[in-house]
Amino acid sequence: MLVVVGTVPDPAVPVLDAPVETTRGDLVVDGRALPPDRGTPALLAAAAATCAFLGLPAPHALLVGDEGLGHGSRELYRHLTEVLPGRACSVLAFHYLQPDVDWHNRVLMAAQAMAGPPELIADAGFMYAAKMSGFAGEYALFTPDAGELAFLADEAAPHPFYTRGFILQDENRVPELIERAYRNENAARCLLVKGRIDRIADRTGVLAEVAAPSVEAMEAMGGTGDTVTGMACALMASGLPAPRAAHLAAQANRYAGEAAAPTPASQIGELVPHIPQALERAMRELP
Amino acid sequence: MALGNLFKRKASGPRAKPRADRGLLVFEHTSEVIRAEKVLKASGREIRVMGPPPEIQKGCDLVVEFPLMEKLDILRTLDEAGIPPMESVPVTGPLLDPVNLFQVKDFGDHLMVRAANMKLTVEKKTRTIVNVSGGGCPDVPYIAARLIGRTLDEAPAPREIGHTLCGYALELAYEEMLRLCSS
């Protein structure tokens, strides 16, 4: 089973700890409708669509409201340290959360006390904390974009907001930055680097690249990184190793984008309905 | 991996990075440090006063350590109190500069500006913000929901409603977009 941890942009939402339901395209967690327009709800919508396509149980969501002050995130971190050691799942994914190294380490220990323990995935704010903690290698998959890869590669950077002159966010330097991130022990065991060319990599270098179809408008759309991560999470929950899951997710995200025919003003909700067909095509075509 | 293994690795494996998510506020005078400490503690923030590292010593012998991710919100609080710091820098890399590299992409009808990990896209004809993308701090979806669908003139600046470093990066993209759309 897949468990997804993240936030929604409404500080009034308390900690939610419930399976995801999808009703006529709407995402519902513990009775609350969550528009899958960006962030963790977009990831959950893609993951739920993928789980349904694969015949897996719906993802379980651990969510809280947080508008950026970190109060909700810390409340959820506390809840995780209490409940995770008594839970079991195959994949545990962390997403939009206020980066906090101390809480990260406590949550990581709780996750590693789970039965199994599960494969760990980190994206967005929790990936920032995972890198800063020095425990990036405990994770099966990170899903950075080019700017976030520069942050992983820069051993001194505490956040992608800071950079140094020698690390430019130049996609042509992605393989070099991947190598640097691994050399400094700041990468998960597998990386899915999202960009003009999506690259799947591990410590040995780039394993696969996905460059077509190229849907230019997707670069501007909020949530396209969330949908690709959501698909990868669900594919890993089906038992696929991280590199294979990341490769399929990257390809399927492009197919879904092509089918949605977006403009730079399109919203991510338009892409989600195309995920099942996109996955079917990617799984058929990729060896 | 078992719980104990994490402790073991922590002791001998990857470098522990304590306080990697902390920043330092540098002030001109010690009296401002004391006032800033009072204001920030009164607002419930986890801060502490300490001596500065040699790289950023500027005549003041005290700095305020704060949660770096909450930089935008903390700077706004200090501004409102009339005690803006001279500088705010990461603890682990006090000489790191904020990102100053913008990437601009012209889609024809739309223009996208990227600053660090944040992207802002505007429809040129109407100056309407149509997308916000990137980032990982929880205020990004919060800000996005308030910007998308509004024009550059109607929308609140990210610095007014954001709280984090991602919000700060989006503010830079927003300011660059304003500059590009007014030239």
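Chains as they are written, first to last, in our numbering: chain A, 1091 to 1377; chain B, 985 to 1167.
Even for Gly, the Cβ is constructed at its ideal location relative to N, Cα and C.
- Spatial neighbours of residue 1316 of chain A in its own chain (CB-CB distance under 6 Å, excluding positions within 5 residues in sequence) are listed in chain order as 1132, 1133.
- Per the coordinates, the alpha-carbon of residue 1311 of chain A lies some 7 Å from the alpha-carbon of residue 1358 of chain A.
- What residue 1076 of chain B touches in chain A, judged by beta-carbon distance under 7 Å, is 1246, 1248, going in chain order.
- Excluding residues up to 5 positions away in sequence, 1307, 1311, 1350 lie with their Cβ nearer than 8 Å to the Cβ of residue 1356 of chain A in the same chain.
- Residue-level contact by beta carbon fails for residue 1143 of chain A and chain B, as no gap is shorter than 7 Å.
- Counting only Cβ-Cβ distances below 9 Å, residue 1091 of chain B has contacts in chain A at 1306, 1307, 1309, 1310, 1353, 1354, in chain order.
- Residues 1088, 1095, 1097 of the same chain have their beta carbon placed closer than 8 Å to that of residue 1164 of chain B, with the five preceding and five following residues left out of the count.
- Distance from the CA of residue 1296 of chain A to the CA of residue 1151 of chain A, rounded to the nearest whole angstrom, comes to 32 Å.
- Among the residues of chain A, none has a CB under 8 Å from the CB of residue 1072 of chain B; the nearest is roughly 11 Å distant.
- Using a CB distance below 9 Å, the part of the segment 1213 to 1227 of chain A facing chain B consists of 1213, 1214, 1215, 1216, 1217, 1218, 1219, 1221, 1222, 1223, 1224, 1225, 1226, 1227, ordered along the chain.
- Rounded to whole angstroms, the Cβ separation of residue 1181 of chain A and residue 1323 of chain A is 6 Å, and the two are in contact under 8 Å.
- Within chain A, the residues whose beta carbon sits less than 7 Å from that of residue 1149 of chain B are 1249, 1251, listed in sequence order.
- Residue burial annotation: residue 1370 of chain A is exposed, with fewer than 16 other C-beta atoms found within 10 angstroms of its C-beta.
- Taking a Cβ-Cβ cut-off of 9 Å, residue 1319 of chain A has no neighbours in chain B, whose nearest Cβ is about 11 Å from it.
- Residue-level contact by beta carbon holds for residue 1238 of chain A and chain B, with a gap shorter than 7 Å.
- For residue 1142 of chain B, none of the residues of chain A pass the 7 Å Cβ criterion, the least Cβ distance being about 10 Å.
- At a C-beta separation below 9 Å, residue 1186 of chain A has these neighbours in chain B: 1119, 1120, 1121, 1122, 1124, 1125.
- Residue 1129 of chain A is a Cβ neighbour of residue 1186 of chain A, given a cutoff of 7 Å.
- Among the residues facing chain B, residue 1146 of chain A is not included, as its CB has no counterpart in that chain under 7 Å away.
- Pairing residue 1223 of chain A with residue 1262 of chain A gives a Cβ-Cβ distance that is not under 7 Å.
- Distances from the CA of residue 1103 of chain A to each of A:1249, A:1175, A:1154, A:1203 were compared; the closest alpha carbon is that of A:1154.
- Taking the C-beta atoms as reference points, residue 1126 of chain A is found nearer than 7 Å to residue 1135 of chain A.
- Considering only A:1300, A:1372, A:1234, A:1366, the residue with the shortest C-alpha distance to residue 1145 of chain A is A:1366.
- Distance from the CA of residue 1156 of chain A to the CA of residue 1094 of chain A, rounded to the nearest whole angstrom, comes to 16 Å.
- In the structure shown, the three-state DSSP call for residue 1315 of chain A is helix.
- Between the segment 1073 to 1083 of chain B and the segment 1197 to 1212 of chain A, the count of C-beta pairs closer than 8 Å stays below three; the two stretches do not touch.
- In the displayed model, residue 1323 of chain A falls within a helix according to three-state DSSP.
- For residue 1119 of chain A, the closest Cβ of chain B is not nearer than 7 Å.
- Here residue 1079 of chain B is exposed. Its C-beta has fewer than 16 other C-beta atoms within 10 Å.
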